[in-house]
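Note sheet for the following structure.
Protein chains in written order, with my numbering: chain A, 1 to 474; chain B, 1 to 371.
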């Protein structure tokens, strides 16, 4: 009997070691590739390898909003102040129970119009359309029956006038040059159907309220004092920036954050628009675009542009973070299961193998695998089969390894984006990423595991996160 | 099994520490690189001042030795930029007096990678005076940069060729890029062509003559460029082409849009025919025709646009309504045009109730016609 248990434990050990080594390799590759790409871009800018022009790709900026009366005005004002030649802003009030619409109507003196809207994609009934008469950029407000974020975006696509659209969360602020940056890949390649921007934590930035050159140009950068928020700054750099740059290397990104992404409208409409029955409508759309283009043998490219920056508020309390991550994980689960037909199919190339496998093993099932690993460790310790010293050393080594990679990714971004930070922030960054890698990954595992366990109960629940004005967010 | 695993982790940590150190060194080194570059720029400014005074401190051998180094070329560019306002003649004078040197440098940069070639082309585009087809040897060197190029180096090479003003070289580059199947955005092409330093009209005609050798993006870029020219000299060619040739969709769109700004009387029947083509299943081109017809205000056009309000295509209805409004048709005149067609009535009501675009939105109205 004990021989059987011993054999099983050996297999389990082999599996976990292999799992960790694969993850370590992925982390290393992503940070190394990220470093190479960011420095390469830095050099390219220095020696004028850019496509600077007085061109314009007309873009519709879609802002789905549900109960966003606190942040919506800041957000729309910043959107109207972007450094871009031709765009429109469409706010979609998705059945808010607060004063989201009224805040905008009052401030911009919007008036109701009888605008006909072409229903290219099905969406819930649009109750009223408002337009602002005096803004530099055309501003439209759609008030519609509540149908979820995907449905609101579909309504926005129907009302949009331009061939490309950008989606942005109502609690986010676009950097002044972000539209100019995010259209760059379109100039390079006409097969681009979607471009993801870089999401950064808004609490790091103090905006200039009345300064020269527009109200939302960044003034200073600091790590926020809130530990949870600072930790997410590190996590965003390691997981989102580095990882997405790596996947971008082979057109393998399976997600463009709903907080900031650009899409070619005709392809999105042809693919069926946003799904309305999932929580991760952003990931679902990207997976859908891969599936649509590859199934129809269309040449396409989904790109990631780290120079196009969007500042998004990160949750600053544990319950809010819990709700956000639970939603993300349920969305991931829905998407991965819905698009399982892509897995290991030659037609889907690297997307169906490397990208899918990564999201499956290291995102979706990682909480189960890691918690199971912990359970096995405890069990092994109880029956006296554990080499405690080896386990401790191994864990510490891995934590240090992850911390070094995280801090490397952080410094890369700080340097390549010409951000100046204080020595105090450097020290805090080092400490925070160590704590995150040693301790906090288990908190995330717990959150994600609970999302999977409570899937049936929570699969349709978006969850509300406390919003604050950007000026008060730090 | 344990030892190798630990060894692998140690190995990974070692690589990561190297990566981190590399990052830190890069950041610290960049400070000294910036200081060194500042000194280089200062030296070049001193040289340019001495050159303008007629007593250059470096001879052509020294210039060549220095400019072979990309960092020196970057400093040279920065110094030229700094003297652009105070001594606008400096760049032209420098390049005129150092033509053999620049030609030799072009050969040196030909052996470097695409990124550095792109920068050399950028410097030429920024400062080299227009020489027309006399700049043949330099243009030939620049054309050779297209081998193994990136989209950035192609753009910079094209800009350099526009600056040289050599129509023949521009034509060669377009044909070469078309033959290789390289995509270049039509917006970049049309905007770039407007910076051509030679006879733009002659260049446009020369390119149009060889349009069959050009791929779709170059054809569209050329038509958009022709659209920016003030005269209507392309109207005849474009009309004939539109009527007789099988063309890619984007090329046809661009041709129809041309007749919005260049309203020549004999284009009207063609545009009307295209508008009515809606019924024959050619709806896409009807959208552009409905927008362009705004520039042909007469009763026949008005009637055709009123008929187009009943089109099955949403965008045809929208553009037809917009064109009617742009032609000065009043609400009283059109409100009965929709008849029992609710879609037409909705579109008319919306377009006519919205006040004319505010100053900042005028560009948008133009663009909408083009989308």
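Glycine included, every Cβ here is placed at the ideal spot set by N, Cα and C.
(message) For a quick check, are the C-beta atoms of residue 74/A and residue 177/A less than 7 Å apart?
(response) Numbered from its first residue, the first chain carries residue 74/A at position 74. Numbered from its first residue, the first chain carries residue 177/A at position 177. Their beta carbons are not under 7 Å apart, which means residue 74/A does not touch residue 177/A by this criterion.
(message) Suppose you measure from the CA of residue 410/A to the CA of residue 275/B; what does that come to, to the nearest Å?
(response) Start at 1 with the first residue of the first chain, and residue 410/A comes out as number 410. Start at 1 with the first residue of the second chain, and residue 275/B comes out as number 275. Taking C-alpha positions only, residue 410/A is separated from residue 275/B by approximately 57 Å.
(message) Just to confirm before moving on: does the CB-CB distance between residue 154/A and residue 273/A stay below 7 Å?
(response) Along the first chain, read from residue 1 onward, the residue named residue 154/A stands at position 154. Along the first chain, read from residue 1 onward, the residue named residue 273/A stands at position 273. Taking the C-beta atoms as reference points, residue 273/A is found nearer than 7 Å to residue 154/A.
(request) Could you say which of 231/B, 96/B and 263/B lies nearest to residue 134/B if we only look at CA atoms? (result) Taking the second chain and counting its residues from 1, the one referred to as residue 134/B is at position 134. Each of 231/B, 96/B and 263/B was checked against the Cα of residue 134/B, and the nearest Cα belongs to 96/B.
(request) Would you decide whether residue 136/A is buried or exposed? Buried here means 16 or more other CB atoms lie within 10 Å of its CB. (result) Start at 1 with the first residue of the first chain, and residue 136/A comes out as number 136. Residue 136/A comes out exposed.
(request) Could you name the residues of chain A that residue 70/B contacts, counting a contact when the two beta carbons are closer than 9 Å? (result) Here residue 70/B is taken as the residue at index 70 of the second chain, counted from 1. Chain A residues near residue 70/B: 47.
(message) On the criterion of 16 or more Cβ atoms from any shown chain inside 10 Å, does residue 179/B qualify as buried, or is it exposed?
(response) Mapped onto the second chain, residue 179/B falls at position 179. Looking at its Cβ environment, which holds fewer than 16 other Cβ atoms inside 10 Å, residue 179/B is exposed.
(request) Identify every residue that forms a DSSP beta bridge with residue 79/A. (result) Residue mapping note: residue 79/A aligns to position 79 of the first chain, counting from 1. Answer is none; residue 79/A lacks a bridge partner.
(request) Taking residue 223/B as the query, report the chain A residues whose CB atoms sit under 7 Å from its CB, ordered along the chain. (result) Start at 1 with the first residue of the second chain, and residue 223/B comes out as number 223. Within chain A, no C-beta atom comes nearer than 7 Å to that of residue 223/B; the closest sits roughly 16 Å away.
(request) Report the neighbours of residue 78/B on chain A: residues whose CB is nearer than 8 Å to its CB, in chain order. (result) Your numbering for residue 78/B matches position 78 in the second chain. Ordered by position in chain A, no residue passes the 8 Å Cβ test against residue 78/B, which lies about 11 Å from the chain.
(message) I'd like to check one pair, residue 172/A with residue 312/A: are the Cβ atoms closer than 7 Å?
(response) Taking the first residue of the first chain as position 1, residue 312/A is located at position 312. Taking the first residue of the first chain as position 1, residue 172/A is located at position 172. Yes, Cβ-Cβ distance for residue 312/A and residue 172/A is below 7 Å.
(request) Pull up the distance between the alpha-carbon of residue 79/A and that of residue 89/A, whole angstroms please. (result) Numbered from its first residue, the first chain carries residue 79/A at position 79. Numbered from its first residue, the first chain carries residue 89/A at position 89. So the two alpha carbons sit approximately 7 Å from each other.
(request) Decide if the segment 143-158 of chain A is in contact with the segment 85-105 of chain A; the criterion is three or more beta carbon pairs, one per stretch, under 8 Å apart. (result) Judged by Cβ distances under 8 Å, the segment 143-158 of chain A makes contact with the segment 85-105 of chain A, as three or more pairs qualify.
(message) Can you check whether the C-beta of residue 496/A is within less than 7 Å of a C-beta belonging to chain B?
(response) Outside the displayed span of chain A (1 to 474) sits residue 496/A, for which this structure offers no information.
(message) Taking a contact to mean a Cβ-Cβ separation below 7 Å, would you say residue 330/A touches residue 451/A in this structure?
(response) For the purposes of this step, residue 330/A is taken as the residue at position 330 of the first chain. For the purposes of this step, residue 451/A is taken as the residue at position 451 of the first chain. Taking 7 Å as the Cβ cut-off, residue 330/A and residue 451/A qualify as a contacting pair.
(message) Could you tell me the alpha carbon to alpha carbon distance between residue 219/B and residue 163/B, rounded to whole angstroms?
(response) Walking along the second chain from the start, residue 219/B turns up at place 219. Walking along the second chain from the start, residue 163/B turns up at place 163. Roughly 21 Å between the two C-alpha positions.
(request) Please specify which runs of the beta strand (DSSP E), each continuous and at least 3 residues long, are wholly inside the segment 317-341 of chain B, giving them in chain order. (result) Those beta strand (DSSP E) runs which fall completely within the segment 317-341 of chain B and span 3+ residues do not exist here.
(message) Tell me which residues share the same chain as residue 320/B and place their Cβ nearer than 6 Å to its Cβ, disregarding the 5 neighbours each side in the sequence.
(response) Translated into the one-based positions of the second chain, residue 320/B becomes position 320. The residues 290, 305, 308 and 309, in chain order, have a CB closer than 6 Å to that of residue 320/B in the same chain once the five nearest residues on each side in sequence are set aside.
(request) For residue 292/A, decide whether its Cβ has a neighbour in chain B, counting only Cβ atoms nearer than 7 Å. (result) On the first chain, position 292 is the one that residue 292/A refers to. It does not: the Cβ of residue 292/A has no partner Cβ on chain B nearer than 7 Å.
(request) Could you tell me whether the segment 220-227 of chain A touches the segment 197-208 of chain A, where touching means 3 or more Cβ pairs closer than 8 Å? (result) Contact between the segment 220-227 of chain A and the segment 197-208 of chain A is present, because at least three Cβ pairs lie under 8 Å.
(message) So that I know if they touch, is there some Cβ in chain B lying closer than 7 Å to that of residue 185/A?
(response) As a working note, residue 185/A is residue 185 in the first chain. Cβ-Cβ to chain B under 7 Å: no for residue 185/A.
(request) Kindly indicate which three-state DSSP category residue 126/B falls into: helix, strand or coil? (result) If you number the second chain from 1, residue 126/B lands on position 126. In this structure, residue 126/B counts as helix in the three-state DSSP scheme.
(request) Report the option in 152/B, 140/B and 187/B whose CA atom is closest to the CA atom of residue 170/B. (result) Counting from 1 along the second chain, the entry for residue 170/B is found at position 170. In terms of CA proximity to residue 170/B, 140/B leads the group 152/B, 140/B and 187/B.
(request) Quick one: grab the DSSP three-state call for residue 265/A. (result) Residue 265/A sits at position 265 when you count from the first residue of the first chain. Helix at residue 265/A.
(message) Tell me which residue opens and which closes the alpha helix (DSSP H) that residue 131/A is part of.
(response) Counted from its first residue, the first chain places residue 131/A at position 131. Looking at the DSSP string, residue 131/A is not in any alpha helix (DSSP H); the run it does join, the beta strand (DSSP E), is 126-131.
(message) Using the Cβ count rule (16 or more neighbours within 10 Å means buried), how would you classify residue 125/B?
(response) As a first step, residue 125/B is located in the second chain; it is residue number 125 there, counting from the start. The Cβ neighbour count for residue 125/B, taken over all protein chains shown within 10 Å, is at least 16; the residue is labelled buried.
(request) Please state whether DSSP places residue 260/A in a helix, a strand or coil. (result) Position 260 of the first chain, counting from 1, holds the residue named residue 260/A. If DSSP states are grouped into helix, strand and coil, residue 260/A belongs with the strands.
(request) Go through its chain and collect everything with a Cβ distance to residue 9/A's Cβ below 7 Å, but skip five positions before and after it. (result) For the purposes of this step, residue 9/A is identified with residue 9 of the first chain, where counting begins at 1. 380 and 385, listed in sequence order.
(request) Report buried or exposed for residue 357/A, applying the criterion of at least 16 other Cβ atoms within 10 angstroms of its Cβ. (result) For this step, residue 357/A is matched to residue 357 along the first chain. Exposed, because fewer than 16 other Cβ atoms sit within 10 Å of the Cβ of residue 357/A.
(request) Kindly identify the DSSP beta-bridge partner or partners of residue 49/B. (result) Your numbering for residue 49/B matches position 49 in the second chain. Answer is none; residue 49/B lacks a bridge partner.
(request) Output yes or no for whether 7 Å exceeds the beta carbon distance between residue 221/B and residue 173/B. (result) Residue numbering aside, residue 221/B sits at position 221 when the second chain is read from its first letter. Residue numbering aside, residue 173/B sits at position 173 when the second chain is read from its first letter. Taking 7 Å as the Cβ cut-off, residue 221/B and residue 173/B do not qualify as a contacting pair.
(request) Residues of the segment 186-207 of chain A with a CB closer than 9 Å to any CB of chain B: list them in chain order, please. (result) In summary, the residues of the segment 186-207 of chain A whose CB is separated from some CB of chain B by less than 9 Å are 186, 187, 188, 189, 190 and 191, in the order they occur in the chain.
(request) Take residue 323/A as the anchor and find which of 447/A, 306/A and 270/A has the nearest alpha-carbon. (result) One-based indexing of the first chain puts residue 323/A at position 323. It is 447/A.
(request) Could you check what DSSP says for residue 270/A in three-state terms: helix, strand or coil? (result) By one-based count along the first chain, residue 270/A stands at place 270. Reduced to three states, the DSSP call for residue 270/A is helix.
(request) Quick one: which residues of the segment 115-144 of chain B get their C-beta closer than 8 Å to a C-beta of chain A? List them in chain order. (result) Answer in chain order: 115, 116, 118, 119 and 122.
(message) Using beta carbons (cut-off 7 Å, strictly below), is residue 16/A in contact with chain B?
(response) Your numbering for residue 16/A matches position 16 in the first chain. At a cut-off of 7 Å between beta carbons, residue 16/A makes no contact with chain B.
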